[in-house]
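Following: one structure in structure tokens, then a few remarks.
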Amino acid sequence: MQYDPIKRVLGDVFNKTPFLRRVFYNLLDLLLLRTWHVHKELRDWATNRRNKEQYILDAGSGFGQYTYYLSGMSSKWSIKAVDVKEEQISDSNCFIRAIGRHNVIFKIADLVKYREPNNYDLILSVDVMEHILEDVEVFRNFHASLRSGGMLVISTPSDQGGSDVHGAGEESFIEEHVRDGYNIQEIQDKLKLAGFRRVDARYSYGKPGQISWRLSMKYPLVMLNISKIFFLVLPFYYLVTFPISLVLNWMDVNQKHASGTGLIVKAWK
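Here is the structure:
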């Protein structure tokens, strides 16, 4: 399934006013399980840092919801968000200026080539690496761009059913993915090869998360890919499934998983 056309439609709908974009971000925060996991890691990282100057890179910012979240945590933090998609960068810059967040800038950049040596305390990369073939080169750029002691946080599908691939011959649910998911040891080895001194990885999207993902994301996206008329059906669909997904998301974030279709990876320079 092609995800980008649906993202463009969503962007057109929610970019009409800053209020609608905030509503969109809040919906993503509630529905997307990866957001629950990423926010947890960001809150942990932010401990004792909210009143200190910090330099942050959102590497592959997409709709900009994580940059928005980070910029609201502390006005002392300087955040740069980069993405290869010009329309999303343009929309995000217009929004962030409209709401007066002056500690943020969005720029067009290719992560395969982008590095700013010794510049960032934190680099965040959410659902990006599964789209990039030259992953080790990107990891090297991340390592070079971090300051000593800086941390990289990655959210990406695993090879335990990530991208909804569960066996040989199956194709990724999202056609734009260049890999179906990382083996947990593989991504740790690649990050160490890129120069990171310490790497921790854990599974997300365990059993509760996998059910939640199907209810909150897969089935609605399949419907929208068939016809945009399903936008009219979605409010009634979520009226039933939304409370179930919230409970499942909470369970997934607060449990340890021996396996899962997602990975949360942290690496330190």
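So for the sequence shown, numbering that gives the first Met the number 0 puts the first residue at 0; every next one is plus one. Beta carbons: idealized from backbone N, C-alpha and C, even for Gly.
DSSP places Tyr237 in the helix class (H, G or I) of the three-state scheme. Between the segment 71-89 and the segment 138-152, the count of Cβ pairs shorter than 8 Å is below three; the stretches do not touch. Counted as a single uninterrupted DSSP element, the beta strand (DSSP E) harbouring Gly261 occupies residues 261-267. Scanning its chain for C-beta atoms nearer than 6 Å, with the 5 sequence neighbours on each side dropped, one finds around Phe105 the residues Ala80, Ile88, Ser91, Asn92, in chain order.
Cβ-Cβ distances below 8 Å link Gly149 to Tyr119, Asp120, Leu121, Ile122, Trp267, Lys268 in the same chain, with the five nearest sequence neighbours on each side left out; the list follows chain order. The beta carbon of Leu30 is closer than 6 Å to those of Ser215 in its chain, skipping five residues each way along the sequence. Our two residues, Val152 and Ala257, have alpha carbons roughly 20 Å apart in a direct line.
Non-local beta-carbon contacts of Leu19 in its own chain, meaning distances under 7 Å to residues more than five positions away in sequence, involve Phe13 in chain order.
In the structure shown, Thr46 adopts coil according to DSSP, grouped into three states. Residue environment: Tyr218 is assigned as exposed (fewer than 16 neighbouring CB atoms within 10 Å of its CB, all protein chains considered). When only Cα atoms are considered, Val135 and Arg201 end up about 20 Å apart. Its chain contains Ser144 as the residues whose beta carbon lies nearer than 6 Å to that of Glu115, once the 5 sequence neighbours on both sides are disregarded; these appear in chain order.
Approximately 7 Å separates the beta-carbon atoms of Tyr65 and Val37; this is inside 8 Å, confirming the contact.
Looking at Leu262, Tyr236, Lys39, the one whose alpha-carbon comes closest to that of Asp179 is Leu262.
Residue state for Thr16 is assigned as coil, using DSSP reduced to three classes. When secondary structure is reduced to three states using DSSP, Ile98 falls in the coil class, being assigned neither helix nor strand.
Collapsing the DSSP output to three states places Gln64 in a helix. The beta-bridge partner set that DSSP reports for Gln53 consists of Trp76.
Taking C-beta atoms under 8 Å as the contact rule, Leu110 and Gly59 qualify, at a distance of about 6 Å. Scanning its chain for C-beta atoms nearer than 8 Å, with the 5 sequence neighbours on each side dropped, one finds around Gln159 the residues Gly180, Tyr202, Ser258, Gly259, Thr260, in chain order. In this model, Ile228 and Leu27 are separated by some 21 Å (Cα to Cα). Setting aside the 5 residues that flank it on each side, Gly208 is surrounded in the same chain by Leu32, Asp251, each with a C-beta closer than 6 Å to its C-beta; the list follows chain order. Less than 8 Å separates the beta-carbon of Ser154 from that of Asp126.
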